[in-house]
Amino acid sequence: MGSTIAEKILARAAGKDRVHAGDSLPVRPDYMIAYDFPGYTDVMFRQMHDDFGIRSLAEPERYVVFIDHMLTRGNAKEQEVHQVTRDWCEFYGIELHEARGIGHQVMAELGYALPGNFLIHFDGHVSGAGAFGALGWGVRRDLLEAWVSGQIFLDVPATTRFELTGEFAPGVDSRDLVHQIIADHGADGCAHQVMEYAGPGARAMPIDRRQGLCGMAMFTGAVSAVFEPDETALAYARNVARTDFTPQLPDADAEYAAVHTYDLATLRPRVVLPGSARSANTRDAAELAGTPVTKAFIGSCASGRIEDIRAAALVLDGRSVAPGVELNVVPTSEAVHRQAEDEGLLDVLRTAGANIARSSCDFCFGYQKPLQAGENCISTGVLNISGRMGSTESNIYLGSAFTVAASAVAGTISSAGEVGRS
Amino acid sequence: MSAARDYPPPPDVIRGRVAWVFGDDFDIDLVIGVENIKSYDAEFLRGKVMRAYDPGFADRVRPGDVIVGGRNFGYGHPHYPPMVALRDLGIAAVLAESFSPGFWRGETYNGVPLIAVPGISAEVTTGDGVSLDWRKAAVTLDDGRILRGTPPSDRVVRVIEAGGSLKLLLAEHAR
Numbered sequence: 001m002g003s004t005i006a007e008k009i010l011a012r013a014a015g016k017d018r019v020h021a022g023d024s025l026p027v028r029p030d031y032m033i034a035y036d037f038p039g040y041t042d043v044m045f046r047q048m049h050d051d052f053g054i055r056s057l058a059e060p061e062r063y064v065v066f067i068d069h070m071l072t073r074g075n076a077k078e079q080e081v082h083q084v085t086r087d088w089c090e091f092y093g094i095e096l097h098e099a100r101g102i103g104h105q106v107m108a109e110l111g112y113a114l115p116g117n118f119l120i121h122f123d124g125h126v127s128g129a130g131a132f133g134a135l136g137w138g139v140r141r142d143l144l145e146a147w148v149s150g151q152i153f154l155d156v157p158a159t160t161r162f163e164l165t166g167e168f169a170p171g172v173d174s175r176d177l178v179h180q181i182i183a184d185h186g187a188d189g190c191a192h193q194v195m196e197y198a199g200p201g202a203r204a205m206p207i208d209r210r211q212g213l214c215g216m217a218m219f220t221g222a223v224s225a226v227f228e229p230d231e232t233a234l235a236y237a238r239n240v241a242r243t244d245f246t247p248q249l250p251d252a253d254a255e256y257a258a259v260h261t262y263d264l265a266t267l268r269p270r271v272v273l274p275g276s277a278r279s280a281n282t283r284d285a286a287e288l289a290g291t292p293v294t295k296a297f298i299g300s301c302a303s304g305r306i307e308d309i310r311a312a313a314l315v316l317d318g319r320s321v322a323p324g325v326e327l328n329v330v331p332t333s334e335a336v337h338r339q340a341e342d343e344g345l346l347d348v349l350r351t352a353g354a355n356i357a358r359s360s361c362d363f364c365f366g367y368q369k370p371l372q373a374g375e376n377c378i379s380t381g382v383l384n385i386s387g388r389m390g391s392t393e394s395n396i397y398l399g400s401a402f403t404v405a406a407s408a409v410a411g412t413i414s415s416a417g418e419v420g421r422s
Numbered sequence: 001m002s003a004a005r006d007y008p009p010p011p012d013v014i015r016g017r018v019a020w021v022f023g024d025d026f027d028i029d030l031v032i033g034v035e036n037i038k039s040y041d042a043e044f045l046r047g048k049v050m051r052a053y054d055p056g057f058a059d060r061v062r063p064g065d066v067i068v069g070g071r072n073f074g075y076g077h078p079h080y081p082p083m084v085a086l087r088d089l090g091i092a093a094v095l096a097e098s099f100s101p102g103f104w105r106g107e108t109y110n111g112v113p114l115i116a117v118p119g120i121s122a123e124v125t126t127g128d129g130v131s132l133d134w135r136k137a138a139v140t141l142d143d144g145r146i147l148r149g150t151p152p153s154d155r156v157v158r159v160i161e162a163g164g165s166l167k168l169l170l171a172e173h174a175r
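Protein chains in written order, with the working numbering: chain A, 1 to 422; chain B, 1 to 175.
Take a look at the structure:
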């Protein structure tokens with residue numbers, strides 16, 4: 001029996017010829033990524049120094065830190081958090097990337113998320129690295145284990161394979177796919193597993209749609225997701241690579257927990273009801289027509305990339321955001337922001353009445369312009385649990401950038417097709 | 001970020017009662033209310049814990065009690081304070097049909113035995129006595145029946161025996 005992509009990546013990182021789903025063993029990540037956040041990085045740095053007595057790192061190049069949260073208020077408290085991070089990174093010689101955008105995107109632009117690499121982070125959305133054939137695993141506070149020992153004990157996960165055919169219909173994208181997968185298989189449909197995406201539909205999918213899809217893996221219960229690296233992923237990787245890399249493909253006789261097939265052309269715009277992304281909350285956008293919204297958000301580590309901004313511009317070109325609705329668009333990184341500006345997309349959005357904000361995580365977790373009680377927001381953020389974007393008495397609906405833009409125009413939940421743009 | 005209190009490792013066999021049974025896809029943040037998830041103050045959290053479910057919960061829980069969940073327990077972005085609050089009251093373990101990986105990993109780090117036991121949520125109700133041999137993932141019910149789940153890996157056993165990952169790592173790596 002052969003190996004899946006995840007088994008091959010973990011075998012290489014563990015220094016083994018083969019590993020199998022269910023094995024428990026220490027694995028050496030290529031990169032150990034974090035963003036500064038109070039109670040996480042600051043505490044972990046202090047523990048590393050004070051509790052473990054570590055004064056220098058043998059391989060500082062394996063540690064990567066981003067400052068991508070709390071960039072927008074500029075108050076003393078957040079400045080202090082950032083300064084602590086800068087000081088520790090300087091002390092240990094760790095590369096720090098500040099205010100270049102959301103780390104889960106910037107790690108790709110800077111050549112960390114390379115095919116075959118194994119990356120860990122305390123935040124599970126590092127799974128977006130799977131777009132490039134890398135394996136990104138959110139390990140919570142066990143990141144400290146890797147920081148102090150260079151390795152982390154893992155249970156090798158089983159894999160569910162998703163064979164994708166066809167291409168998205170106009171007005172539909174990978175957000176609709178992931179919410180359909182959750183609707184079909186449950187919020188634990190791939191629990192403790194890796195999702196492996198392959199097939200002609202996967203190969204036809206633009207790279208940033210793959211990033212959004214892989215970045216949402218945790219909402220199926222998966223620990224990660226990974227695409228078979230194809231020429232699209234390899235071309236991106238070769239352009240940004242800071243090291244050599246070894247792409248991993250699954251063996252033809254790899255053992256999978258399950259195999260599911262999706263024809264992308266059959267998918268429709270999906271909207272998730274407030275509360276969670278669990279399967280029973282997923283609806284056809286048309287079922288929610290007429291639901292009023294006051295806020296609309298396009299951004300986050302899942303859905304603020306150039307394809308999302310192109311989608312929004314397509315819908316908003318020559319139209320206006322409805323009175324009483326605030327549409328906030330946050331390009332996922334500074335590089336995405338520049339590209340969107342160069343393509344003229346941001347002008348289209350501004351003319352339609354959208355607010356373009358600096359690249360950061362701050363809207364998605366309710367730090368910037370938090371929702372007020374009674375507000376309805378339609379969002380491409382990653383999570384819609386109570387209080388995620390502000391008041392616990394506000395409501396967050398999830399949808400694709402097409403759907404968010406269309407809803408902003410209509411003032412009520414709508415799909416792009418319903419406003420004549422798809 | 002660290003828990004407000006230091007918790008010793010659990011005994012070999014945890015004996016207590018089922019303090020509550022949650023459903024599928026339960027978001028642990030709801031134990032204390034989303035508006036309170038930034039607090040690590042055990043006294044503050046004591047006044048919030050389980051208020052939405054059972055106002056008498058904090059007064060009736062005894063050390064060794066367990067909570068029981070359905071499928072995918074800990075769904076969402078699981079923050080740490082809800083389990084700080086529950087452990088402070090004496091909750092010694094969580095038994096569920098299955099766990100959301102992020103919650104499982106985060107609370108295993110904190111030294112909580114999180115044992116997946118298929119069938120558990122249908123077989124017990126609040127107030128039932130349980131006896132949990134956590135290394136074997138074996139739950140003995142009031143009527144003597146034994147439900148068996150997935151035993152933790154050797155590494156996870158060591159984490160729990162140490163009272164959490166930080167303590168195990170300190171024993172292994174402190175200079």
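Ideal Cβ placement from N, Cα and C applies to all residues, glycine included.
Proximal chain C residues relative to residue i, where beta-carbon distance stays under 7 angstroms
i    : result
A:E7 : Absent from the structure is chain C; the protein chains it does hold are A and B.
Short CB-CB distance (under 7 angstroms) between residue i and chain A
i      : result
B:P101 : yes
B:R158 : no
B:G76  : yes
B:R135 : no
B:D65  : no
B:L45  : no
B:Y7   : no
CA nearest to the CA of residue i, picked from the options
i      : options                       : result
B:T108 : B:R155, B:T126, B:V117, B:V31 : B:R155
B:L114 : B:I14, B:A93, B:S100          : B:A93
A:Q368 : A:Y31, A:P269, A:A357, A:I378 : A:A357
B:A58  : B:D65, B:G64, B:M50           : B:M50
A:M1   : A:R18, A:A191, A:V321, A:Y197 : A:R18
A:D284 : A:P292, A:L273, A:V293        : A:L273
A:I94  : A:W147, A:G290, A:L71         : A:W147
A:D263 : A:R46, A:A58, A:E167, A:R28   : A:E167
A:H185 : B:P10, B:D27, B:K38, B:N72    : B:N72
B:Y80  : A:S276, A:R140, A:V81         : A:R140
A:D68  : A:N395, A:F402, A:F363        : A:F363
A:V315 : A:V409, A:G101, A:F91, A:A373 : A:V409
B:L86  : B:G129, B:Y40, B:S98          : B:Y40
Per DSSP, cross-strand counterpart(s) of residue i
i      : result
A:R140 : Answer by DSSP bridge pairing: none, since A:R140 is not bridged.
A:G101 : A:S333
A:D155 : A:S24
Chain B within 7 angstroms of residue i, Cβ atoms only
i      : result
A:S24  : yes
A:G387 : yes
A:E423 : Residue 423 of chain A cannot be examined here, being either before or after the span of chain A that is shown, 1 to 422.
A:F153 : yes
A:H260 : no
A:G221 : yes
A:S149 : yes
A:F118 : no
A:R283 : no
A:G390 : no
Straight-line Cα distance separating residue j from residue i
i      : j      : result
A:Q83  : A:E341 : 31 angstroms
A:L143 : A:A352 : 43 angstroms
B:S2   : A:V43  : With a pLDDT of 42 at B:S2, under the threshold of 50, the modelled position of this residue cannot be trusted; read the value that follows with caution. Whole-angstrom Cα-Cα distance: 8 angstroms.
B:I67  : A:F37  : 30 angstroms
A:G324 : A:A302 : 26 angstroms
A:A237 : A:G133 : 10 angstroms
A:G399 : A:G215 : 15 angstroms
A:L249 : A:E7   : 10 angstroms
A:S407 : B:A138 : 51 angstroms
A:R12  : A:M389 : 40 angstroms
B:D27  : B:G33  : 10 angstroms
A:D23  : B:D29  : 31 angstroms
B:R148 : B:A96  : 12 angstroms
B:G47  : A:D123 : 30 angstroms
A:F118 : A:R268 : 34 angstroms
A:A401 : B:K136 : 48 angstroms
B:D142 : B:R17  : 10 angstroms
Buried or exposed (CB count within 10 angstroms, at least 16 for buried), residue i
i      : result
A:V178 : buried
B:P8   : exposed
B:A19  : buried
A:T41  : buried
B:Y75  : buried
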